[in-house]
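**Q** Residue numbers (this note's numbering): 122 to 206.
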Amino acid sequence: AANKTAEGTEARKTLEAQTQHERHRTEYADELERKRQVDMLNAQKYMQEEQLKKQEEMIGRQEAMRRKTAEHEAELRTRTELAKV
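(1) Along the chain, where does the alpha helix (DSSP H) that runs through residue 206 open and close?
(2) Using only the alpha-carbon positions, how far apart do residue 150 and residue 141 sit?
(3) Using three-state DSSP, classify residue 195 as helix, strand or coil.
(4) Output the distance between the C-alpha atoms of residue 179 and residue 189, rounded to the nearest integer angstrom.
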C-alpha cells in the first residue's frame, strides 16, 4: 500500500512539474509574440515616418524649383521691359 501511495505521489509530482513547465513555455511563447508585435509596429511606424520625411523633402524641392522658376520669369519680364525702353 505504501508503494502505491509513493507511486501516486510521484505521478502527481511529475504531472505538476509537466504542467508548470508547459505553463512557463506558454508564457514565454506569449511574451515572444508580444515583443514581435511591438517590434513590427515600431518598424511600421519608422517606415511611415521615413516616407513622410521623403515626401516633405520632395515638396520642399518642388517649392524651391517653383520659386526659382518664378524668379527667373520675373527677371526675364524685367529685361524685356527694360529692352523696350
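Virtual Cβ for every residue (Gly too), placed ideally from N, Cα, C.
**A** So, from the listed chains and residues:
(1) Element bounds for residue 206: n/a, residue is neither H nor E.
(2) Roughly 14 Å between the two C-alpha positions.
(3) The answer is helix: DSSP assigns residue 195 an H, G or I state.
(4) Approximately 15 Å, taken between the alpha carbons.
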